[in-house]
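Numbering (our numbering), first residue to last: 871 to 1109.
Quick reminder that beta carbons are idealized off the backbone N, C-alpha and C, glycines included.
This one's a predicted model, so the numbers in the text were calculated from it and none came from an experiment.
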Amino acid sequence: MNERSIINTLLDNRCIFCNSKDLLSQLPFICNDCIQIFEQKVREHLCQICGHPLNNGQCPSCTHLPEINFDSFHYIQIYNDFFKKVAYMWKKEQQHLINHLFVYLLINKHWLDKNRIITIVPDTKFQSFKKGRCSLGYTLKLLQKQGYHIKQQIYKRKWSILHHQKLKKQKNRIDEIEKIYYLPKENINKYSGKITLIDDVYTSGATANYGAKLLKLAGFQDVEVITFFRAIYDYSDKK
Ligand SMILES: [Zn+2]
Ligand SMILES: [Zn+2]
């Protein structure tokens, strides 16, 4: 037993997902089995653009975007029932340790670059206040502590009552997203170089794709999108 595991035993620390005491030394709230669920490789044949599993060699998802504005895209896992539970713990049960787990995974994947600005899909001030340590804003803060170059609110989110994204049809949803986010005039062509845009889930891609468009208008030449999860395209949404 190393020192850390003695401390964990004394404090009765357990894995937040399965209650095991066999904890990872770098993340003493997740066990050696559960971390593997997050780290396993996605084995399906995936679309090169949007990472969706291919259907007979075709991508059922990104063909619905009007144009692709991001240059590359990565995600940690496909959004299955287990990871939906994880997202629920994070957002609804305010389990902020999950944010530390995401940061650990992002860094371990070597997708981030200390010479590249990192930003997030913005919340309104009220939303980020309400979400506290369970927000992407806090993810960004944790990355900053690790020495990454971060920047918030390059483009912004308006106050909006249009929150029922899931109920809306694809076309309306794209229109709505274009009403929710905007680039302030003073940020047009203010920047240059490469940027990474982080979001929690990539569903239709409309949010990240429009974010990428605004970041290009802000002057960035290369926008990489990273999300924690990739939702499987909902065919019922297509009509
Ligand atoms: Zn566990
Ligand atoms: Zn695709």
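Put simply, of Ile977, Ile938, Tyr958 and Lys995 the residue whose alpha carbon is nearest the alpha carbon of Tyr1080 is Ile938.
If you check the CB distance, Leu982 and Leu975 do not come in under 7 Å. Burial check for Glu1094: the Cβ neighbour count within 10 Å reaches 16 or more, so the residue is buried.
Rounded to whole angstroms, Ser931 and Arg913 show a C-alpha spacing of 18 Å. Three or more beta-carbon pairs drawn from the region 1061-1075 and the region 982-1002 are found closer than 8 Å, and the two stretches are therefore classed as touching. Here Cys885 is not bridged, per DSSP, to any residue. If one requires a minimum length of 4 residues, the alpha helix (DSSP H) runs lying completely within the region 950-1033 are 951-961, 967-978, 995-1001 and 1006-1015, in chain order. For Thr1097, the enclosing beta strand (DSSP E) begins and ends at Asp1092 to Arg1100.
When DSSP states are grouped into helix, strand and coil, Ile1065 belongs to the strand group.
For Asp1045, the secondary structure class from DSSP, reduced to helix, strand or coil, is helix.
Each residue's CA atom was taken as its position, placing Val956 and Lys1055 some 38 Å apart. In the DSSP annotation of this structure, Tyr1080 is not part of any beta strand (DSSP E); the continuous alpha helix (DSSP H) holding it starts and ends at Ala1076 to Leu1087. The DSSP-derived three-state label of Ser875 is helix. In the three-state scheme derived from DSSP, where H, G and I count as helix and E and B as strand, Leu916 is classed as strand.
Leu1006 is positioned such that its CB atom lies no closer than 7 Å to that of Phe899. Around the beta carbon of Thr879, fewer than 16 other beta carbons lie within 10 angstroms, which makes this residue exposed. By the Cβ-count criterion, Ser942 is exposed, with fewer than 16 other Cβ atoms from all chains shown falling within 10 Å of its own Cβ. Rounded to the nearest angstrom, the gap between the Cα atoms of Tyr1025 and Thr994 is 11 Å.
Within its own chain, the residues whose Cβ lies closer than 7 Å to the Cβ of Ile907, once the five positions on either side in sequence are excluded, are Phe952, listed in chain order. Close to ligand 2, as judged by a C-beta nearer than 5 Å to any of its heavy atoms, are the residues Cys917, Ile919, Cys920, His922, Cys929, Ser931 and Cys932, in chain order. Pairing Lys961 with Gln928, the inter-Cα distance amounts to about 33 Å. Relative to the non-hydrogen atoms of ligand 1, the Cβ of Ser890 comes within a distance shorter than 6 Å of at least one.
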